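**Student:** Please find one structure pasted underneath; my questions will follow.
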Amino acid sequence: MSILYDEKNRLNVDISTSIEDNIKLLETLFKDCGDIVQKSFFIEKFNSRIRLHLIYIDGLVDNNMIEQTIIKPVMYEWQTENLYNDMTFWDRIYYIEAQTVDIKEEKSTDKTIEAILNGDTAMFVDGYAKAFVISSKKYPLRSITENDTEAGMRGPKDSFNESIRQSTALIRRRIKDAKLKVVQGTIGERSRTSYAIMYMEDLADAGLVDEIKKRLYRYDIDALFDSGMAEHLMDESPMSPFPIFQTTTRPDKAAAGIVEGRVVIAFDNSPEVLMAPCNFNMLLQASDDYYNRWMVGTFARLIRYIAAFIAITLPGFYIAVTVYHSDMLPTRLLYAIANARSIVTFPVVVEMLIMEFLFELLREAGIRLPGPLGNTIGVVGGLIVGQAAVEAGIVSTIVVIVVALTAIASFAIPNEEFASVFRLLKFFIMLTSAVAGLYGFILGLLIIAIHLSELKSFGVPYMMPVNGSKSEEQEDIALNNQDFIVRPPITRMKKRPVWAKKENRVRLRDNYSRED
Amino acid sequence: MKLDNGTISERQSFRMGLLENITLGIVIVPYICAVKGGSRHYLVFAAGIIFTFIYGVIMFFYSRMFPEGMIEETDKLLKKWARPIDICYAIRYIIKASLIILFFSVILRAYMLRSFNLFAVIIPFTLICGYGASRDIEKRGRLLELLFWWMIVPLILTAVFSVSNMEWSIKGGEDKTRLEDILFGGYEMLIIMSSLENMLFTLTRQKKNNWNNYLKTIIWILVSLLFSYIFVQGVLGTSWTKDSSMSALYVMEAARFPGGVERMDYAVIAFWIIGVFAVASGYMFYAKEFIRVAFSKRWNTFEKNEKGHTNSTSVEIVSDKWWTIFAVVVMTLAGVWLWSLYDISGILMDYLIWFDVGISLIFPAFILMLKKKREGIKKIGIRHKKMINYLGVIILCMICLTGCESRIRYERLDDRQSSLERMDYAVKLTVEEKNVKDGYIYKFDIADLSDYKGDSEKLLETNTYECIAESIKKALDNYSLAYDNHVDLGHLKLIELKLEGEALKKTVFELKDMPSVTKSVEVNLYDKTGKQKITLRNLIKKIYAWEES
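Going down the list, the sequences are from chains B and P.
Take the first sequence: its letters are residues 1 to 516, numbered as in our numbering.
Take the second sequence: its letters are residues 517 to 1065, numbered as in our numbering.
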């Protein structure tokens, strides 16, 4: 069996002109595959008996469609009995008898088998060293549902699902421009996962698109089940906790990224698409910001920035101040903390670690359990265990407040992957603060700042527009026209970001003629 | 994407310049002005501003003369003879980085980490500076661009919250200050600002070596110094300012964020770490660059081979950045072992006075002369000749100005460190000297938190502890022995001093030297005239004034 495949798991045998050989090959390949459906047909035409062989995977295809478009017309409703005598049998089926547009001929065995595995139907014809591949996919699919991971008060509610075709269609529906390109391919030697790279031909930097293609094929992986795995394959800083791709399940966000000159990569079986380049600022933006009035959007964004800062620093700062620099605290607050802590047996650091660990445990348990049970865990953990821990003198009330505030702040970050980084780094800052107070706190932040300032996503500095602009023009675009903490009115966001092609940076101009 | 091309933008250059140059200046310049100028401190400041500006202009002139970068052009010009110069520069920067880290660590330990071993402060900081210095100029530019506001915002906040503490009425110091002192003070100020030399390297990496941007940087540096000088002089007065090289920290201590942070100095010092990081990592960065050039195999380091890689030697394989970090760690630790901590600032100043500034001016001038000769201009143009003459005169003046008597003294360290619930909080401190032979009576009113419910209306119960001791420190030790708990004086609400003359002075100065005691605390002073209410800060100033009058 293994001699049929090369080192990259591709079939290295050709389709034979003898249908018996092809059937034997299929039987060998699909031995012990109970979901394979295959059958031979005989047609008596042109004074001879011609054998056809159809094969598909049960459950992945639309049986009815195969019956109506291929079997019925070819077997029973033959149209060209006495016509088109100059055409070959193959061409007659292809051009006249098959009642579908989505039919193509395939000469490669590997591609034919891949098509069958993807839910297409293959038809072999005796005497021809090629096969028909008829598109007949009908996957078991989740319908397009309301977005529950990136919910917003205003704006569209739909979300991507596991079908790559529906993902691309949802974006196409929003950008009706022929310059929107969808470059497709497969990745994964065994999973043969389909992907689609989507970008605007006149806006996206050609180098960026090439770089993404290059990185996709940097490794040969056996199977790729989610865009998350592809993200890691393409990562330029695998040791960094920060994501260099933005992930989204919102078609409106993906479409907005494309018209900004970014590239979207969708993967089959993954409801999240990847967007590149990406920076810190983007990961704190939400779609609502653009749909609400600019001041409201700006305020929401400011809250998120503060939340991000709290999420990473509050527990560490609390440790630093209470253990090393209590002089900083206002007297009454100091007395309140000292009084609350007087019954606690553990030092501040241990107390904080216990509470943070408890919170992470509850979060993890809440995710793994089904909806109603997950909520119960939250109530049981948050209220009952928290209250009991305070009464038992394991933790103080102030620490419960600090941990709760930190948790709420981390949930205000719109991107879950990004929020996880903050939750992780919070422990790092806690550790440095526990070791050296405010000194350790600042050194911890400094290490993160050094790392962030050297990080890039496809050549774009991660902390842009705070840093990284190279010229006055870029600074002007980055600071004056683009949205950072302040989301300017749409009428003032006249230019696209710096990664869009220079000649097409203008995205809004005055329409003085008032024409359509 | 082509956003990176090994250059830095004007904004990055500006922010790098500001961060690298104001960090030490804002803390030490007011002190230098007060020590050297006495009541004419403003003359020292003016002289320092002029010297610094001239030095900055010279550095700009050099950067214009070496459009490809001084390191690169030296390498091209001198070939194998560039190595000693590169090594000399690398050593200079390693020494500066080591001394600054050492100096900073001592201050940090004295003010923030009193219970810490010095090495526990030095080693992590040096490693992080090394980490920051190991990047290329573009990443360094991006980093300092990002860190800029982290340091500037706390400084602005400190200034805003200190305005109410400013007072110009109390003056001190000698009335007759000699011209040499004024000039030498100006020179010392220039020495503190000698990190301006770094601009020589950053300017050539800027896309456009723009005079306006450079001028803007210099002006903002000088404006920052001016603000620092005004605030420190205004809040503390001359006598107190010249009492401690870290007098600027008292200004920070006096600033408080109403209803939020009781005292700002910890926060500001914490953010000052970022500034020191900028300076130290800057020196380490340039040291690394010089080591890289000095130990490359071929003399023209910047020529790349067919594969696009820079030619390297075994030293580079070990990594230039690791050599730099190693050297800085060794020198810093050697500094700790070889010298008493109290001498570090003196050593730093002596080194800078006698060697560093001179080298920073002479070497580029020497290379410039060689360059002009190599370019075929046998006779250096009159303009350049004049410039070199002026330079010579300036260097000569600087060498002639001498004196290394200024030594920075530090408060002794406190080894108390407890979590906040393990401390007892003194609300009131009373010191009396009645009928006591060898010491004073100290009374600490300790807050009783057992029934505390956070009710601001209710009066806090207190317990009084009384002892006889020679000093506050001894009294605190007595308390620790008696109750196995430390007393915190950071939240004192009232100090009652029933003392006069030397006893009063001794106690007030002891309180001044205790970083945990806020200087804005109310003092009830009982003397012959009766009871007098005054803040501790004003009492300190008053005692300085009495001393001088």
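The C-beta atom is built at its ideal place from N, Cα and C for all residues, glycine as well.
In this text the structure is predicted, and so the values were computed from the model without any measurement.
Would you say B:Pro243 and B:Val460 are within 8 Å of each other, going by their C-beta atoms?
**Tutor:** Not closer than 8 Å, so no.
**Student:** Could you please give the first and the last residue of the uninterrupted beta strand (DSSP E) stretch that includes B:Ser21?
**Tutor:** For the record, residue 21 of chain B in the displayed sequence is Asp; it is not Ser. No beta strand (DSSP E) contains B:Asp21, which is instead part of the alpha helix (DSSP H) from 19–29.
**Student:** Is it the case that the segment 27–37 of chain B contacts the segment 97–106 of chain B, given that we only count it when at least three CB pairs across the two stretches are under 8 Å?
**Tutor:** No, they do not touch.
**Student:** Name the residue from P:Glu589, P:Cys549, P:Ile668, P:Arg556 whose alpha carbon lies nearest to the alpha carbon of P:Lys888.
**Tutor:** Of the candidates P:Glu589, P:Cys549, P:Ile668, P:Arg556, the one whose C-alpha sits nearest the C-alpha of P:Lys888 is P:Glu589.
**Student:** What does a CB cutoff of less than 8 Å around B:Tyr95 pick up in its chain, not counting 5 residues either side in sequence?
**Tutor:** Excluding positions up to five away in sequence, the list reads Met87.
**Student:** Per DSSP, what are the beta-bridge partners of B:Pro461 in this structure?
**Tutor:** B:Pro461 is bridged to B:Lys456.
**Student:** Counting C-beta neighbours from all protein chains within 10 Å, is the total for P:Lys894 16 or more, i.e. buried, or is it exposed?
**Tutor:** With a pLDDT of 49 at P:Lys894, under the threshold of 50, the modelled position of this residue cannot be trusted; read the value that follows with caution. The residue is exposed, with fewer than 16 neighbouring Cβ atoms inside 10 Å.
**Student:** Hey, quick one: how far does the beta strand (DSSP E) through B:Asn269 stretch, first residue to last?
**Tutor:** It is not in any beta strand (DSSP E) - B:Asn269 carries neither H nor E in the DSSP assignment.
**Student:** Hey, is the segment 432–441 of chain B in contact with the segment 315–323 of chain B, meaning 3+ C-beta pairs nearer than 8 Å?
**Tutor:** With the cut-off at 8 Å, the segment 432–441 of chain B and the segment 315–323 of chain B touch.
**Student:** Taking 8 Å as the threshold, find out whether the segment 762–769 of chain P comes into contact with the segment 543–560 of chain P through three or more Cβ pairs.
**Tutor:** With a cut-off of 8 Å, the segment 543–560 of chain P and the segment 762–769 of chain P count as touching, because enough Cβ pairs lie within range.
**Student:** Count the CB pairs spanning the segment 572–592 of chain P and the segment 804–813 of chain P that are closer than 8 Å, and state whether there are at least three.
**Tutor:** Yes, since at least three Cβ pairs between the segment 572–592 of chain P and the segment 804–813 of chain P fall closer than 8 Å, the two stretches touch.
**Student:** Going along the chain, which residues of its own chain have a beta-carbon closer than 6 Å to the beta-carbon of P:Leu741, five neighbours each way excluded?
**Tutor:** Answer for P:Leu741: Gly541, Val545, listed in chain order.
**Student:** For P:Ile789, go through chain B and note every residue whose CB falls closer than 8 Å to its CB, in chain order.
**Tutor:** Those within 8 Å of P:Ile789 in chain B are Tyr439, Ile442, Leu443, Leu446.
**Student:** In angstroms, rounded to a whole number, what distance separates the CA positions of B:Ile55 and B:Ile71?
**Tutor:** Distance between the alpha carbons of B:Ile55 and B:Ile71 is about 12 Å.
**Student:** Check the Cβ-Cβ distances between P:Leu965 and every residue of chain D, and say whether any is below 8 Å.
**Tutor:** Absent from the structure: chain D. Protein chains present are B and P.
**Student:** Going along the chain, which residues of the segment 306–329 of chain B sit with their C-beta nearer than 9 Å to a C-beta in chain P?
**Tutor:** Against chain P - using a Cβ distance shorter than 9 Å - the residues of the segment 306–329 of chain B are Ala320, Val321, Thr322, Val323, Tyr324, His325, Ser326, Asp327, Met328, Leu329.
**Student:** Got a sec: is the Cβ-Cβ distance from P:Lys595 to anything in chain B below 8 Å?
**Tutor:** No, P:Lys595 lies away from the interface with chain B (no Cβ there is under 8 Å from its Cβ).
**Student:** What are the start and end residues of the alpha helix (DSSP H) that includes P:His557?
**Tutor:** 557–581 is the extent of the alpha helix (DSSP H) around P:His557.
**Student:** Around the C-beta of P:Trp727, are 16 or more other C-beta atoms found within 10 angstroms, so that it is buried, or is it exposed?
**Tutor:** When all chains shown are included, P:Trp727 counts as exposed.
**Student:** Excluding five sequence neighbours on each side, which residues of the same chain lie with their C-beta closer than 6 Å to the C-beta of P:Asp940?
**Tutor:** Excluding positions up to five away in sequence, the list reads Ile962, Asn1001, Val1003.
**Student:** According to DSSP, is P:Thr980 part of a helix, a strand, or is it coil?
**Tutor:** Strand at P:Thr980.
**Student:** Comparing C-alpha positions only, which one of B:Ser191, B:Arg192, B:Thr168, B:Glu189 sits nearest to B:Val183?
**Tutor:** Nearest C-alpha to B:Val183: B:Thr168.
**Student:** Tell me, please, whether the CB atom of B:Ile398 is closer than 8 Å to any CB atom in chain P?
**Tutor:** Output row for B:Ile398: interface = no.
**Student:** How about P:Ala881 and P:Tyr609: do their beta carbons lie closer than 8 Å?
**Tutor:** Going by C-beta atoms, P:Ala881 is not nearer than 8 Å to P:Tyr609.
**Student:** With 8 Å set as the bound, which would you pick, yes or no: does the beta-carbon of P:Lys479 sit closer than that to a beta-carbon of chain B?
**Tutor:** Because chain P is modelled from 517 through 1065, residue 479 of chain P falls outside the range shown and cannot be assessed.
**Student:** Please tell me whether B:Val273 and B:Phe160 are closer than 8 Å, where the distance is taken between their beta carbons.
**Tutor:** Yes, the Cβ-Cβ distance between B:Val273 and B:Phe160 is below 8 Å.
**Student:** Indicate the three-state DSSP secondary structure (helix, strand or coil) for B:Arg192 in the structure shown.
**Tutor:** Coil at B:Arg192, not helix or strand.
**Student:** If B:Ser136 and B:Asp62 are in contact, beta carbons under 8 Å, what's the gap, nearest whole angstrom?
**Tutor:** About 5 Å; that satisfies the 8 Å criterion.
**Student:** Interface residues of chain B around P:Ser987 at Cβ under 9 Å?
**Tutor:** Chain B residues near P:Ser987: none, gap ~20 Å exceeds 9 Å.
**Student:** Looking at P:Ile538: is its Cβ nearer than 8 Å to the Cβ of P:Gly702?
**Tutor:** Contact flag unset, no.
**Student:** Whose C-beta lies closer than 7 Å to the C-beta of P:Tyr782 among residues of the same chain, with five residues either side of it excluded?
**Tutor:** For P:Tyr782, where only same-chain residues beyond five positions count, the Cβ hits under 7 Å are Met628.
**Student:** Please work out which residues of its chain come closer than 7 Å, Cβ to Cβ, to P:Gly919, disregarding the five sequence neighbours upstream and downstream, and give them in chain order.
**Tutor:** Legend: pLDDT at P:Gly919 = 36, less than 50; position of this residue unreliable, value from coordinates given subsequently. If we look at P:Gly919 and ignore the five residues flanking it on each side, its Cβ neighbours are Phe700.
**Student:** When you check each C-beta in the segment 548–562 of chain P against every C-beta of chain B, which residues fall closer than 9 Å?
**Tutor:** Listed by position along the chain: nothing, the set is empty.
**Student:** For the alpha helix (DSSP H) containing B:Met123, list its first residue and its last residue.
**Tutor:** Taken as a continuous stretch (DSSP letters only), B:Met123 belongs to no alpha helix (DSSP H), being part of the beta strand (DSSP E) at 121–125.
**Student:** Can you look up P:Asp1000 in the DSSP assignment and give me helix, strand or coil?
**Tutor:** It is coil, neither helix nor strand.
**Student:** Residues in its own chain within less than 8 Å of P:Asn979 by CB, not counting five upstream and five downstream?
**Tutor:** The answer, listed in chain order, is Asp961, Ile962, Asp964.
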